[in-house]
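Asker:
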C-alpha cells in the first residue's frame, strides 16, 4: 500500500486538483529551481561523458597516448650484458619500472580530470545561481570581445593621403553685434537639440523629444547606428562645441558598428553617414572618421551587384542582399538615390587610392548618358534589371532633386575640371526650365512636376533647394546666363518665402499648389506639416552668399524665431502637423537632418563668408562640407582612380 508521503512522487496518482496560486505561494520559484536542477544534471552528465570517455578507450589507445613519454627512459646504448633489450641502439631499462610509471601517470591524469570535473560543476552551479539578465550580459560581453578581436584583424591601415588645402574651418565671427547675437541664438538651439538627444536618445538614430526616448525609421534598418551623432558632428565642430564633438567621436570610436544584420537605405546612409564621417574627418583630422567611412562604404558596395550596375535602394549590411522599395514603379531604382553618390564616392577613392568607388559612380553616369530622355528630362525611375526607365515622372523635388544637385557639385568639387558633369547639368536645367518652370497668375515662379505628359502645378518643400542650386551654378553657365540663373534663384527663394509667410506659424508646408486662386498654399491635410526641413533656409544662405541682400538674413531670422517658438519643446525640437493651425500638434520627432542641415545653414547665414568659403568647400545634400579637390594641392592627378 502506498503511503500518503509517497503520493506526490507520482503525478498519475494525484487527483486533478484545481488549486489557485495561493495554494503554492512559491510555485514559480519551485519551477525555476527544478529547471536549474535538471540543467545541472544534464550539464554534469555531459561533462562526465566528455572527461570520462577517455577511460573507455581501448588499452592500445591508452598505451599510445602514454607511450609519448617514453623518451624519458630511452637511453642510447650498445652493451647488452646487463639484461636489457637493445632496440636499434636504444636500451629500454626495466619494463616493470615502466609499468609502474604508467600507473602513476594514469593516476595523476585521473586526479586532474576529477579536479577539472569538480571545478566545471562548481562553475555551472554558480552560473545557475545568476539571473537571466546577468547571464545574457556575460554572453554579450564575450561576444563583444570576439567582435573587437575580429575588428582588429580586419582593420587594414589606409594609405597616407595629403589633405587638401583646408580653409575657413574656425572663423566666421560677425562684427555686427546684432548678427552675432542671432548666430549665438542658433548655437543655443543646437545645444538644446544635442543635449536632449544626449540625455534621452543617445546611440539611437533620432530622438522623440516629447516621449523623451530614442526613435528610428526604416531607412536605418532595425539597428541603433547613432544617426544623429554622425549627422551632427560637423555642425558641432564649426560652432565650436568641441566638448560635444568629442562625445560624439568617442561614441563612434567605441560603438559605431556596421557588421549588423540590418537593411538600410543606400542613399540615406551614404549622405548622412559617409558624408558626415568624411566631413568630420576633413574638419578635425581624426583618422577614426575616415576609417569608419571606408568600412561602411565597403558594406554598401554589394548594392551595385545588379545586371546594369544601377544600385538597389536598400542593402543588408551583413548579408549584402539588396532590393528596391516595393512602391517604386515596378521595382525601379530612384534617380535621386542612385544619382546622389558621386561626391562621397569620389572622396572615398581619393582617400583610399582604390578606384572601385569612383568606377561605380562613373558607370552610372555613362549608362545615363547613353539613354534617351523624354523631352530632355530624366524620369525618376530606372529599372536596375532591364536598364529601362520606369514611369515617366520627372521632379526637381522628391525622387529627383539631388541628382541635379550632384551633377553641378561634381563639377565644382573637381575644381571645375569635370566638364562632362557640367554639360549634363546644363542640359538638364535647360529642359527643366522649358518644361517644368512656370509663373503663377500672381507672379510667383514655381517648379512643377511632369507626370505622363502633364505638368502638375504643385511644388514641394524639397524643391525649394533649387533656388540655391541655380545661384550656385550661375557662374560658369552657358551663353553668359549667370545673371539669368541668379535671378531665377532669387525668384524661387521669394516663392518659398511666400509659402512660409502665408501660414499661421510662419513655417512652410510640405507641398503647396498654384491652382486657380490658390498660390503657395497647401490644400491637402497630409501636406500641411513641417518636419524641421532645411531646403528653404539652404536657399536663403546661398542667395545671401552670392548677393548679400539683407532680406535673406531677415527671412532666415523669421524662420529661426518660428522654429524656436512653435517647434521647441523641453526635450528638444519637434515637427508640427499643421502649419495653418494656431495650436498645432507635434509629430514628436527630432530629425537628424535638423542638426545636420537646418541649424548649420542658419548658423552660416549669420556668419561671415570666410567660414567654409564656397571656393574651397562643396556641401553634400545633407549639408556635410567636403573640400574641393584642387589639383594644385593634392595628389589627385597621381591617384590611379582619376587617370
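Numbering (our numbering), first residue to last: 1 to 643. C-beta atoms are modelled at their ideal positions from N, C-alpha and C, and glycine is treated no differently. If you're wondering where the values come from, they're calculated on a predicted model, not measured in any experiment.
So, is residue 411 buried or exposed, given that buried needs 16 or more other C-beta atoms within 10 angstroms?
Answerer: Counting Cβ neighbours within 10 Å, residue 411 comes out buried, since at least 16 surround it.
Asker: In angstroms, rounded to a whole number, what distance separates the CA positions of residue 603 and residue 570?
Answerer: Their Cα atoms are separated by approximately 22 Å.
Asker: I need the straight-line Cα distance from residue 447 to residue 134, nearest angstrom please.
Answerer: One C-alpha to the other measures close to 59 Å.
Asker: If residue 409 and residue 618 are in contact, beta carbons under 8 Å, what's the gap, nearest whole angstrom?
Answerer: About 5 Å; that satisfies the 8 Å criterion.
Asker: Would you call the segment 622 to 632 and the segment 559 to 576 in contact, with 3 or more CB pairs under 8 Å?
Answerer: Touching, no, given that fewer than three Cβ pairs across the two stretches are closer than 8 Å.
Asker: Within a Cβ cutoff of 6 Å, which residues of the same chain sit near residue 470, ignoring the five residues on either side of it in sequence?
Answerer: Cβ neighbours of residue 470 beyond the five flanking positions: 485, 488, 489.
Asker: Who does residue 515 pair with in a DSSP beta bridge?
Answerer: DSSP output for residue 515 lists 518 as bridge partner(s).
Asker: Span of the beta strand (DSSP E) holding residue 625?
Answerer: Looking at the DSSP string, the run of the beta strand (DSSP E) that includes residue 625 is 625 to 627.
Asker: Between the alpha carbons of residue 462 and residue 510, how many angstroms are there, rounded?
Answerer: Residue 462 and residue 510: Cα-Cα distance of roughly 8 Å.
Asker: When the distance is taken between beta carbons, is residue 464 closer than 7 Å to residue 536?
Answerer: Taking 7 Å as the Cβ cut-off, residue 536 and residue 464 qualify as a contacting pair.
Asker: Verify whether the separation of the beta carbon atoms of residue 534 and residue 586 is less than 7 Å.
Answerer: Contact flag unset, no.
Asker: Between the beta-carbon of residue 332 and the beta-carbon of residue 382, is there less than 7 Å?
Answerer: In this structure, residue 382 lies closer than 7 Å to residue 332 by Cβ.
Asker: Enumerate in chain order the residues of its own chain whose CB-to-CB distance from residue 515 is below 7 Å, with the five nearest sequence positions on each side excluded.
Answerer: Excluding sequence neighbours, residue 515 sits near 457.
Asker: Mapping the DSSP letters down to three states, classify residue 580 as helix, strand or coil.
Answerer: Coil at residue 580, not helix or strand.
Asker: To the nearest angstrom, report how far apart residue 629 and residue 579 are at their CA atoms.
Answerer: For residue 629 and residue 579, the distance between alpha carbons rounds to 42 Å.
Asker: So, at 7 Å on beta carbons, what are the nonlocal neighbours of residue 211 in its own chain, with the 5 sequence-adjacent residues on each side left out?
Answerer: Closer than 7 Å at Cβ, skipping near neighbours: 588.
Asker: Nearest CA to the CA of residue 337: which residue from 355, 298, 304?
Answerer: Minimum Cα distance to residue 337 is reached at 304.
Asker: Where residue 449 and residue 429 are concerned, what is the direct C-alpha to C-alpha distance, given to the nearest angstrom?
Answerer: Between residue 449 and residue 429, the C-alpha separation is close to 14 Å.
Asker: Is the beta carbon of residue 492 closer than 7 Å to that of residue 399?
Answerer: No; because the gap between Cβ atoms is not below 7 Å, this pair is not in contact.
Asker: Quick test of the definition: if touching needs 3 or more C-beta pairs under 8 Å, does the segment 188 to 198 touch the segment 233 to 244?
Answerer: Flag = yes, the segment 188 to 198 and the segment 233 to 244 touch.
Asker: In whole angstroms, give me the CA-to-CA distance for residue 651 and residue 292.
Answerer: Outside the shown range of the chain, which is 1 to 643, sits residue 651, and nothing can be said about it.
Asker: Do the CB positions of residue 356 and residue 342 come within less than 7 Å of each other?
Answerer: The answer is no: Cβ separation not under 7 Å.
Asker: Could you tell me the distance, in whole angstroms, from the CA atom of residue 106 to the CA atom of residue 121?
Answerer: Between residue 106 and residue 121, the C-alpha separation is close to 22 Å.
Asker: Nearest-angstrom Cα distance between residue 115 and residue 123?
Answerer: Between residue 115 and residue 123, the C-alpha separation is close to 12 Å.
Asker: Measure the alpha-carbon distance for residue 596 versus residue 385 and round it to whole angstroms.
Answerer: Using only the alpha carbons, I get a separation of about 34 Å.
Asker: Could you give the DSSP three-state label for residue 536: helix, strand or coil?
Answerer: Correct three-state label for residue 536: helix.
Asker: Report the start-end ranges of each alpha helix (DSSP H) in the segment 248 to 288 that is 4 residues or longer and not cut off at the edges.
Answerer: Segments of the alpha helix (DSSP H) lying fully in the segment 248 to 288: 275 to 284.
Asker: Checking the sheet assignment: what are the DSSP bridge partners for residue 617?
Answerer: DSSP lists 627 as partners of residue 617.
Asker: Have a look at the DSSP bridge pairing and note the partners of residue 316.
Answerer: In DSSP, residue 316 forms a bridge with 263.
Asker: Would you mind reading off the limits of the alpha helix (DSSP H) that contains residue 449?
Answerer: Looking at the DSSP string, residue 449 is not in any alpha helix (DSSP H); the run it does join, the beta strand (DSSP E), is 449 to 451.
Asker: Quick check: residue 172 and residue 233, are their CB atoms within less than 7 Å of each other?
Answerer: No, these two residues do not count as a Cβ contact at 7 Å.
Asker: Alpha carbon to alpha carbon, what distance is there between residue 259 and residue 314?
Answerer: So the two alpha carbons sit approximately 16 Å from each other.
Asker: Give me, in chain order, the residues of the same chain whose beta-carbon lies closer than 7 Å to that of residue 174; leave out the 5 immediate sequence neighbours on both sides.
Answerer: Answer for residue 174: 180, 183, 606, 607, 608, listed in chain order.
Asker: I'd like the list of long-range same chain contacts for residue 33, defined as Cβ closer than 8 Å, with 5 residues on each side in sequence excluded.
Answerer: Here the model assigns residue 33 a pLDDT of 40, short of 50, so the residue's position is not dependable, and the following value carries that caveat. If we look at residue 33 and ignore the five residues flanking it on each side, it has no Cβ neighbours.
Asker: Name the residue from 285, 264, 340, 296 whose alpha carbon lies nearest to the alpha carbon of residue 322.
Answerer: Among 285, 264, 340, 296, the Cα nearest to that of residue 322 is on 264.
Asker: With DSSP run on the structure shown, which of helix, strand or coil describes residue 645?
Answerer: Nothing about residue 645 can be reported from this structure: the residues present for the chain run from 1 to 643 only.
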